[in-house]
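Here my numbering is used: position 5 in the sequence shown is 7, and no number is missing along the way.
The beta-carbon is built from N, C-alpha and C at its ideal position, and this holds for glycine as well.
None of the values given here were measured: they were computed from a predicted structure.
Beneath this line is the structure, given in structure tokens, with notes to follow.
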Amino acid sequence: MVNGRSMYIYCQGTGSPTIVLDGDLGQTVSVMAKLQEKLSGRTTICAYDRAGLSFSDRAPTPRTAKDVVADLHGLLTAAAIPGPYLLVGNGAGGQFVQLYARLFPDQVVGVVALDPMPPADPWLAAVSTLFNPADYATEKSNYGGGNEESIDLVTSGQQLAAAPTPPNVPFEILYGTDCQGDQACVKSLPTYEQIMKGVAATWQRGTVSVEAVGNLLEDGPDAIVAAVERVLSKP
3 MVNGRSMYIY CQGTGSPTIV LDGDLGQTVS VMAKLQEKLS GRTTICAYDR
53 AGLSFSDRAP TPRTAKDVVA DLHGLLTAAA IPGPYLLVGN GAGGQFVQLY
103 ARLFPDQVVG VVALDPMPPA DPWLAAVSTL FNPADYATEK SNYGGGNEES
153 IDLVTSGQQL AAAPTPPNVP FEILYGTDCQ GDQACVKSLP TYEQIMKGVA
203 ATWQRGTVSV EAVGNLLEDG PDAIVAAVER VLSKP
């Protein structure tokens, strides 16, 4: 039980450090299964369902990144999942794992952010002039909590900005550059790339890598494995 609720976590493999996967909005353990299987031969790897997803009980909404991090910290403790942890977050999970590392630095040996959602500030201001009105309204609503998990990503971004300085551990951002005909993506990709460089620069050991794919989990699992290996190989 975590904060009075049941939460689901599934682990494979053996060894240390333990890799912990944190999915994008709405992504369950099953979505991460291919990546988890690929990495299970390397060390212990765990994936979990956030509150309200699949086998995990729903939590009061709206929620923020701090709520997500508190749940994950409680879950790892309750399930006796041994650290230290290499955190791998996809999409919104890329924000959550950054906050976890900054709040619990002694537990973390590295962080990998896959196609991470950019912080609301400066993202929303930047795309307000790039997206058409309908696309911008959707993006603004999504960040404001109008997403499938009712997570307030505006407040979450503020929490991340106000968090302690990132720990001195390897941090890699990996994202795909193939917009697959999505015009909003095409227009905003240079802005996204600039923001990602800024995010990486806030970490002493931050780096950015790119792959010419649309969806890393589906089209670039080998690139993800390579990124994890790069982080694990750094002292």
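Rounded to whole angstroms, the gap between the alpha carbons of Val114 and Glu150 is 23 Å. In the DSSP annotation of this structure, the continuous segment of the alpha helix (DSSP H) that includes Ala72 starts and ends at Ala67 to Ala80.
CA-to-CA, the gap between Val31 and Ser8 works out to about 15 Å.
Only residues of its own chain outside the window of five on either side were considered, and among them Ile175 and Val210 have a CB closer than 6 Å to the CB of Met198, listed in chain order.
Residue state for Cys181 is assigned as coil, using DSSP reduced to three classes.
Nearest neighbour of Val230 by Cα position, chosen from Pro172, Leu191 and Asp221, turns out to be Pro172. Going by beta carbons, Tyr145 and Leu155 fall inside the 8 Å limit. Counting only residues of its own chain and dropping the five nearest sequence neighbours on each side, Ala128 has a CB closer than 6 Å to the CB of Thr193. Rounded to the nearest whole angstrom, the CA to CA distance from Gln206 to Pro107 is 13 Å. Inside the stretch 142-202, DSSP marks whole alpha helix (DSSP H) runs of 4 or more residues at positions 155-164, from first to last along the chain. The straight-line gap separating the alpha-carbon atoms of Ala203 and Tyr138 is approximately 27 Å. Here the alpha carbons of Asp26 and Cys48 stand approximately 15 Å from one another.
Here Asp73 really is in contact with Val4; their C-beta atoms are around 6 Å apart, less than 8 Å.
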